[in-house]
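Engineer: A single structure is presented below for examination.
Numbering (the working numbering), first residue to last: 91 to 445.
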């Protein structure tokens, strides 16, 4: 537990320190994200007050997570595990895809960033390389960071071929990263929701460590390869988001950008896959799923019927167009995410006590 607490504290301190430094550097050089404006019959929520706010704050989050994780192992003089390093790999790889997107938004003032096809290709490359690596590195007991079974709270009997597994990994990674990316539209919304998901995975991983089959093969023990180290990683992510939220809460002094949203999405996906809670992610990341579904419903309805189900997608922008203040939307959506996380934790525990 010392490792877990230390990682969270170090990551939070690093994020609190690095974020204002990044704000000063980006503000000094005028590196701010382009803001979408209403024009030619297309109407967007009024975000003129956000003009000039620096972006690419995800760099501070990723640096804080990586620093918190590695410094914790250095201080406690314990070697990182394959699972922990793989989680960092996926987070950083997707963060780099976000860097390319933010570069165009900030330096080229293209509010749409890189082409959707290019972004999907980058996400697929990161996801498939992670999937391949996660099937390597068995421990002394032969356990791998990822298994060929689809999981809910633990591996289900649904064992799939490796080719199908790679497609499943790609789907999970692409889905959650785009979900976090779509949620990152209001000050602090995605960051606060991510803190709750990472906190849940910290608790889940600690529980899996205490009931791990590596200690004793008893009924309902968990076969997760490195649960304690995954808890360290999850705590570092929660701490980094917590520190960043200090500066990102309304009115935000910096945006995380795609660098942060894609990186955080990758971290969540890695935790879901390696803790064997892939299907449970739909609940633990319920707000991200809800917002993604709102976009799918909006696009699908317009293409099929020519009508929109929302005034604007994603869902939080619909409520902006209705007239809700930004801070009201953020707090109420945080409450929704808290309810999703609570339900997910209840289902996780209920599976354990079921005899």
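Don't be surprised by glycine CBs; every beta carbon is placed ideally from N, CA and C. Because the structure is a prediction, the values reported are computed rather than measured.
(1) Within the same chain, show all residues whose beta-carbon is closer than 8 Å to that of residue 318, passing over the 5 residues directly before and after it, in chain order.
(2) In chain order, what residues of the same chain lie with their CB nearer than 7 Å to the CB of residue 348, ignoring the 5 residues before and after it?
(3) Quick check on the burial criterion: 16 or more other C-beta atoms within 10 angstroms. Buried or exposed for residue 207?
(4) Just how far apart, CA to CA, sit residue 392 and residue 269?
(5) Going by other Cβ atoms of all chains shown within 10 Å of its Cβ, with 16 needed for buried, is residue 107 buried or exposed?
(6) How long is the line joining the alpha carbons of residue 342 and residue 281, rounded to whole angstroms?
(7) Is the beta carbon of residue 426 sitting closer than 9 Å to the one on residue 380?
(8) Let me confirm a value: residue 378 is counted as buried when at least 16 other C-beta atoms fall within 10 Å, else exposed. Which label applies?
(9) When you compare only the Cα positions, how much space is there between residue 284 and residue 233?
(10) Which class does residue 138 belong to by DSSP, given the choice of helix, strand or coil?
(11) Is residue 59 helix, strand or coil by DSSP?
(12) Is residue 439 helix, strand or coil when you go by DSSP?
(13) Could you name the residues that DSSP lists as bridge partners for residue 239?
(14) Under 7 Å Cβ to Cβ from residue 473, same chain only, skipping five residues before and after it: list those, please.
(15) Looking at the structure shown, is residue 110 part of a helix, part of a strand, or coil, going by DSSP?
(16) Out of 156, 407, 251 and 429, point me to the one whose CA is closest to residue 178's CA.
(17) Which residue comes first and which comes last in the alpha helix (DSSP H) that contains residue 307?
(18) Measuring straight from C-alpha to C-alpha, what distance separates residue 171 and residue 235?
(19) Taking residue 226 as the reference, give the member of 315, 244 and 276 with the closest Cα.
(20) Using C-beta distances below 7 Å, list every residue in its chain close to residue 304, excluding the 5 sequence neighbours before and after it, in chain order.
(21) Since residue 208 is in the alpha helix (DSSP H), which residue starts that stretch and which ends it?
(22) Please list, in chain order, all residues of the same chain as residue 479 whose beta carbon is under 6 Å from its beta carbon, the five residues on each side excluded.
(23) State yes or no: is the C-beta of residue 321 within less than 9 Å of the C-beta of residue 292?
(24) Going by C-alpha to C-alpha distance, which of 205, 150, 355 and 419 sits closest to residue 371?
(25) Under the DSSP definition of a beta bridge, which residues are partnered with residue 302?
(26) Rounded to whole angstroms, what is the Cα-Cα separation between residue 110 and residue 337?
(27) Give the range of the alpha helix (DSSP H) segment to which residue 317 is assigned.
(28) Could you say which of 311, 441, 149 and 266 lies nearest to residue 376 if we only look at CA atoms?
(29) For residue 352, which residues in the same chain have their Cβ closer than 7 Å to its Cβ, ignoring the five residues on either side in sequence?
(30) Only counting the same chain, and skipping five residues up and downstream in sequence, which positions put a Cβ closer than 8 Å to that of residue 250?
(31) Helix, strand or coil, according to DSSP, for residue 402 in the structure here?
(32) Within the same chain, show all residues whose beta-carbon is closer than 6 Å to that of residue 326, passing over the 5 residues directly before and after it, in chain order.
(33) Out of 323, 261 and 169, which one is the CA nearest neighbour of residue 290?
(34) Per DSSP, what kind of secondary structure is residue 168 in: helix, strand or coil?
(35) Does the distance from the CB of residue 145 to the CB of residue 345 come in under 9 Å?
Structural biologist: From the atom records:
(1) Numbered from 1 along the chain shown, position 228 holds the residue referred to as residue 318. Cβ within range, chain order: 93, 94, 295, 296 and 299.
(2) On the chain shown, position 258 is the one that residue 348 refers to. So the qualifying residues of the chain are 188, 191, 192, 203 and 271.
(3) Numbered from 1 along the chain shown, position 117 holds the residue referred to as residue 207. So residue 207 counts as exposed.
(4) In the chain shown, counting from the first residue as 1, residue 392 sits at position 302. In the chain shown, counting from the first residue as 1, residue 269 sits at position 179. Residue 392 and residue 269: Cα-Cα distance of roughly 20 Å.
(5) Here residue 107 is taken as the residue at index 17 of the chain shown, counted from 1. So residue 107 counts as exposed.
(6) As a first step, residue 342 must be located in the chain shown, where it is residue number 252. As a first step, residue 281 must be located in the chain shown, where it is residue number 191. Their backbone Cα atoms lie some 11 Å apart in a straight line.
(7) Reading the chain shown from its first residue, position 336 is the one you call residue 426. Reading the chain shown from its first residue, position 290 is the one you call residue 380. Result yes, Cβ atoms of residue 426 and residue 380 sit closer than 9 Å.
(8) The residue labelled residue 378 in the question sits at position 288 within the chain shown. It counts as buried.
(9) Indexing the chain shown from 1 puts residue 284 at position 194. Indexing the chain shown from 1 puts residue 233 at position 143. Cα to Cα, residue 284 sits roughly 29 Å from residue 233.
(10) Reading the chain shown from its first residue, position 48 is the one you call residue 138. Only weak support exists for where residue 138 lies, its pLDDT of 49 falling under 50; the value from the coordinates is given anyway. Residue state, collapsed to three classes: helix.
(11) Outside the shown range of the chain, which is 91 to 445, sits residue 59, and nothing can be said about it.
(12) As a working mapping, residue 439 is identified with position 349 in the chain shown. Here residue 439 sits in helix by DSSP.
(13) Along the chain shown, read from residue 1 onward, the residue named residue 239 stands at position 149. 249, per the DSSP bridge assignment.
(14) The requested residue 473 does not occur in the structure, where the chain is confined to residues 91 to 445.
(15) Walking along the chain shown from the start, residue 110 turns up at place 20. Three-state result, residue 110: helix.
(16) Within the chain shown, numbered from 1, the residue matching residue 178 stands at position 88. The option with the nearest alpha carbon to residue 178 is 156.
(17) Here residue 307 corresponds to residue number 217 of the chain shown, with the count starting at 1. Taken as a continuous stretch (DSSP letters only), residue 307 belongs to no alpha helix (DSSP H), as it is neither H nor E.
(18) Looking up residue 171 in the chain shown gives position 81. Looking up residue 235 in the chain shown gives position 145. Cα-Cα distance, rounded: 10 Å.
(19) Position 136 of the chain shown holds residue 226. Per the Cα distances, 315.
(20) Position 214 of the chain shown, counting from 1, holds the residue named residue 304. Correct list, in chain order: 231.
(21) Numbered from its first residue, the chain shown carries residue 208 at position 118. Where residue 208 is concerned, the enclosing alpha helix (DSSP H) stretches over 206-224.
(22) There is no way to answer for residue 479, as the model of the chain reaches only from 91 to 445.
(23) Position 231 of the chain shown holds residue 321. Position 202 of the chain shown holds residue 292. The answer is yes: Cβ separation under 9 Å.
(24) If you number the chain shown from 1, residue 371 lands on position 281. That would be 355, whose Cα lies nearest to the Cα of residue 371.
(25) Counted from its first residue, the chain shown places residue 302 at position 212. According to DSSP, which records beta bridges pairwise, residue 302 is partnered with 312.
(26) If you number the chain shown from 1, residue 110 lands on position 20. If you number the chain shown from 1, residue 337 lands on position 247. Rounded to the nearest angstrom, the two C-alpha atoms are 8 Å apart.
(27) To locate residue 317, count along the chain shown from 1; it is residue 227. Counting along the chain, the alpha helix (DSSP H) containing residue 317 begins and ends at 317-338.
(28) Taking the chain shown and counting its residues from 1, one reaches residue 376 at position 286. Here the closest residue by C-alpha is 266.
(29) In the chain shown, counting from the first residue as 1, residue 352 sits at position 262. These residues qualify, in order along the chain: 184, 185, 187, 188, 267 and 271.
(30) Counted from its first residue, the chain shown places residue 250 at position 160. Within the same chain, residue 250 has close Cβ partners 238, 239, 240 and 258.
(31) Looking up residue 402 in the chain shown gives position 312. Coil, per DSSP.
(32) Numbered from 1 along the chain shown, position 236 holds the residue referred to as residue 326. Excluding residues within five positions, the ones whose Cβ falls inside 6 Å are 97, 101, 155, 158 and 159.
(33) Numbered from 1 along the chain shown, position 200 holds the residue referred to as residue 290. Ranking the options by Cα distance to residue 290, first place goes to 323.
(34) Residue mapping note: residue 168 aligns to position 78 of the chain shown, counting from 1. Residue 168: coil per DSSP, three-state reduction.
(35) Locating residue 145 in the chain shown gives position 55, where the first residue counts as 1. Locating residue 345 in the chain shown gives position 255, where the first residue counts as 1. Against a cut-off of 9 Å, the Cβ pair of residue 345 and residue 145 comes out as a contact.
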